[in-house]
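Number of protein chains: 2
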Amino acid sequence: MIRPSLIFDLNSYIESKNIQINNELDKIIDAQNSNLISKAIRYSLMSGGKRIRPVLCIAASEAVGGEERSVLPAACALEMIHTYSLIHDDLPAIDNDSLRRGKQTCHIAFDEATAILAGDALLTLSFQVLSSIDVNRYNANTWLKVIHLISIAAGYKGMIEGQIRDISYENRHISMKKLEEMHSLKTGALIEVSVKSGAILGNGNPEQIELLQIYAKNIGLAFQITDDLLNVAGDPSVTGKGVGTDMARNKCTYPALIGISGSETYAKKLINNALKAIESFDNKSDPLRAIAMYIIERKR
Amino acid sequence: MIRPSLIFDLNSYIESKNIQINNELDKIIDAQNSNLISKAIRYSLMSGGKRIRPVLCIAASEAVGGEERSVLPAACALEMIHTYSLIHDDLPAIDNDSLRRGKQTCHIAFDEATAILAGDALLTLSFQVLSSIDVNRYNANTWLKVIHLISIAAGYKGMIEGQIRDISYENRHISMKKLEEMHSLKTGALIEVSVKSGAILGNGNPEQIELLQIYAKNIGLAFQITDDLLNVAGDPSVTGKGVGTDMARNKCTYPALIGISGSETYAKKLINNALKAIESFDNKSDPLRAIAMYIIERKR
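What follows is the structure in structure tokens.
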């Protein structure tokens, strides 16, 4: 297995990026405006997510020589889209979850109507942010392309189709192929487009963009497998989530299909593929390498 | 009262535009793709709406010398945003409506989860369509600006804020000022941006765009007043909606605040303002003039 340099301090990297991302998100949701929807948006958006998608977007941009500042609007928009999808997935009509990250879900803390509209508002706001760039400083064509890619990834042939399949597979035994397709739509599409947007906005060349997409596809799937593994054998005091809930819900997971050790081996293989894809990249890609390793080593 | 030329045949105009709009929408939702969400999207989007917003967008573009073809993506996106907002507003947690345009609402015809996700998908798809233009033929800066304006109008300081206020005003007596602000957000913002986008994409000059915005603001409000009037005194076999439902729901409306004849006078005044704003425009604006007249004369 390829091991990235252990010198790189991922925690500090993520921490410093999160400060930038959170500052920017804070500015966007506009502290002065205290209407109900902006309160609900703030509640869900600022509830301590790991910001994996925006960090990946920035790291991919840096990997091809781009600057953090120039991708920040895309990074924030991706986090908003992720958060809106969580708010709507938690609704009573969908997953009916009352807790997320140890806090009440949006429809419990506010009410169902507010949660539906706050999700809608976040999704809309993400496109407002993506289209608010200064066209004198940035290339409008490139941003239009990024908007297009993100809308496809988040749409009814991407993330939303994944969610629909997830619902329809409840209480059903499905094949490995179907499970993998579902995840690559439900979570993979947005993770992939996070990396791809970063690479495009950082002015990566077509070959770099393609290799980064292979990286993203592999870490996206590995991320899901470790999620499943943590649900089986994680420490709830660390994960902040219930353990065994997938099994109780009769959900089809990797451990259920190929066992715990089979899942671990598979996740490692995927991370190896991801690292191989960006082998030729220089040390500006160390954050991406460290993120790949973190994904299988994480405890939460 | 200024009266536009009666020679202009609005019905034929709307009919021919609707054929273009429906063809384009049909292509967008992709007949080949038969997943659940695309079925729900098709069901709601193709259920015989009046297509007021896209027609206004095209008519505004033509009024400043633009071509129908070049604004069609924006026109379709606006109808998609309108339809998504109806799907979500009809949900049990919001208005809990089971009928719309004489057909079952989306969450009744499908189920609640599908309706939530179909609305999300339509909203996302609207931005996909807005960002899918050919940058070799059209100006990317202009489209980025249009995306920005539409996202603001549809967002949490526009349409969504209007919906939140509408919910919070239920069973309350509110002032005329508050009623007007609520409508100008809930329905006005999207009508205004429909006209403004058309004017921008048709390459209107700043003065034309400003005058068209005044036109839009006035017809938007007049549209809402006639909606309230039809709810009091319309013919349900023509409107396809219930009569007296606002009163039964204890909703604050124009007739409730200023009476039926006061509302009629006010709507006429607004239409007069709208026609005055575009007085200096040539006969390419006849469709806009006819639409303004139609708004107060309509029976459904």
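These protein sequence lines map, in sequence, to chains B and H.
For the first sequence, the working numbering assigns the number 541 to the initial residue and increments by one for each residue that follows.
For the second sequence, the working numbering assigns the number 541 to the initial residue and increments by one for each residue that follows.
All C-beta atoms, glycine included, are put in the ideal place defined by N, C-alpha and C.
Residues of chain H with a Cβ closer than 8 Å to the Cβ of residue 628(B) are, in chain order, 656, 657, 660.
Cβ-Cβ separation between residue 733(H) and residue 693(H): approximately 4 Å, consistent with a contact (criterion under 8 Å). At least one CB of chain B lies nearer than 8 Å to the CB of residue 696(H). Assignment of residue 643(H) by DSSP, reduced to helix, strand and coil, places it in the strand class. In the structure shown, the three-state DSSP call for residue 775(B) is coil.
Using a Cβ-Cβ cut-off of 7 Å, residue 688(H) is close to 668, 671, 672 of chain B, given in chain order. In the three-state reduction of the DSSP assignment, residue 762(H) falls in the helix class, which pools H, G and I.
Proximity of chain H to residue 633(B) at the Cβ level (cut-off 7 Å) is accounted for by 652, 653, 656, in chain order.
At least one C-beta of chain B is nearer than 8 Å to the C-beta of residue 692(H). Any Cβ of chain H closer than 8 Å to the Cβ of residue 663(B) would place that residue at the interface, and such an atom is present. Distance from the Cα of residue 643(B) is smallest, within the candidate group 550(B), 588(B), 818(B), 743(B), for 588(B). In the DSSP annotation of this structure, the continuous segment of the alpha helix (DSSP H) that includes residue 568(B) starts and ends at 550-569. From the listed residues 590(B), 579(B), 798(B), the smallest Cα separation to residue 559(B) is found for 590(B). Residue 817(B) and residue 747(B) have their alpha carbons spaced roughly 11 Å apart. Rounded to whole angstroms, the Cβ separation of residue 760(H) and residue 724(H) is 7 Å, and the two are in contact under 8 Å. The residue among 833(H), 555(H), 566(H) with its C-alpha nearest the C-alpha of residue 756(H) is 833(H).
Residues of chain B whose Cβ lies closer than 7 Å to the Cβ of residue 611(H) do not exist; the shortest such Cβ separation is about 16 Å. When Cβ-Cβ separations below 8 Å define contact, residue 704(H) makes contact with chain B.
DSSP places residue 702(B) in the uninterrupted alpha helix (DSSP H) bounded by 699-708. Below the 7 Å Cβ cutoff, chain H contributes 704 as neighbours of residue 576(B), in chain order. Residue 649(B) places its beta carbon 8 Å or farther from that of residue 738(B). Residue 816(H): member of the alpha helix (DSSP H) spanning 800-817, first to last residue. Around the beta carbon of residue 636(B), a 10 Å sphere encloses fewer than 16 other beta carbons of the protein chains shown; the residue is thus reported as exposed. Residue nearest to residue 551(H) within the set 831(H), 604(H), 839(H) is 831(H) (criterion: CA-CA distance).
Within the region 729-762 of chain B, no residue has a Cβ lying closer than 7 Å to any Cβ of chain H. Comparing alpha-carbon positions, the option among 705(H), 788(H), 578(H), 711(H) lying closest to residue 718(H) turns out to be 705(H). Taking CB atoms only, residue 701(B) has a neighbour in chain H less than 8 Å away. Your pair residue 731(H) and residue 596(H) checks out as a contact, with CB atoms roughly 7 Å apart and the cut at 8 Å. The shortest CA-to-CA distance from residue 766(B) to any of 799(B), 751(B), 788(B) is the one to 799(B).
Straight across, the Cα-Cα distance linking residue 806(B) with residue 828(B) is about 20 Å. For residue 727(H), the number of other beta carbons within 10 angstroms of its own is at least 16, and it is reported as buried. Counting only the Cα atoms, residue 764(B) lies some 9 Å from residue 793(B). Residue 652(H) and residue 633(B) do touch by the CB rule: their CB atoms are close to 4 Å apart, below 8 Å. Non-local C-beta neighbours of residue 563(H) in its own chain, meaning closer than 6 Å and more than five positions away in sequence, are absent. Looking only at 557(H), 583(H), 837(H), the smallest Cα-Cα distance to residue 609(H) is reached by 557(H).
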